[in-house]
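Novice: Here it is, the structure in full.
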Amino acid sequence: MTTIAPAAAYKIATRLTGLEQEIDLAARSSARLPADLLDELARAGASPIAAQRVLDAAAETFAALIAARGKIARTHGLLLAYAKEEGLTEAFGDQFECHEFVTGLGEQAKSDVIRLAA
């Protein structure tokens with residue numbers, strides 16, 4: 161069986177962490193977008209149907225980012241499992257954090273939109 165060199169596994173894990181952080185930033189921005197849009201559309205006097213289409217598109221963007229984040233975290237987890245199996249984590253540590261961010265972000269965005277719509 162072929163194994164990944166410890167340095168290569170660490171490099172890949174570091175790149176995955178960077179990608180996760182970039183998606184986190186984009187998701188945070190996307191989570192605030194519906195509230196900002198709702199406020200601006202209301203000021204502009206947009207029809208409820210037009211406003212709903214824009215808000216739906218913003219929600220789809222947020223959902224896509226969260227789905228992508230989950231896939232990257234899964235990839236990272238699989239790499240960690242492989243690295244542990246091969247004993248690679250002894251030299252470099254787990255290089256994997258618990259990611260409760262995704263659920264917390266989704267709940268925060270939902271409560272922000274509900275608060276602004278009320």
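When you number the sequence shown by this note's numbering, it's gap-free, plus one each residue, and the end is 278.
Backbone N, C-alpha and C fix where the C-beta goes; we use that ideal spot for every residue, glycine too.
All values reported here derive from a predicted model rather than from experimental measurement.
Examine the ligand MG and report whether any of its heavy atoms sits within less than 7 angstroms of the Cβ of Ala-218.
Specialist: Absence of the ligand MG is noted for the structure shown, with no ligands found whatsoever.
Novice: In this structure, does DSSP put Ile-183 in helix, strand or coil?
Specialist: Counting from one through the sequence shown, the residue named residue 183 turns up at place 23. In the structure shown, Ile-183 sits in a helix (DSSP, three-state: H, G or I).
Novice: Which class does Gly-230 belong to by DSSP, given the choice of helix, strand or coil?
Specialist: In the sequence shown, counting from the first residue as 1, residue 230 sits at position 70. Here Gly-230 sits in helix by DSSP.
Novice: Once you ignore the five residues that flank Ala-211 on each side, which residues in its own chain have a CB closer than 6 angstroms to its CB?
Specialist: Counting from one through the sequence shown, the residue named residue 211 turns up at place 51. Result list for Ala-211: Leu-201, in chain order.
Novice: Taking its Cβ as the centre, do 16 or more other Cβ atoms sit within 10 Å of Arg-234, making it buried, or is it exposed?
Specialist: On the sequence shown, residue 234 is found 74 positions in, with the first residue counted as 1. Its Cβ having fewer than 16 others within 10 Å, Arg-234 is exposed.
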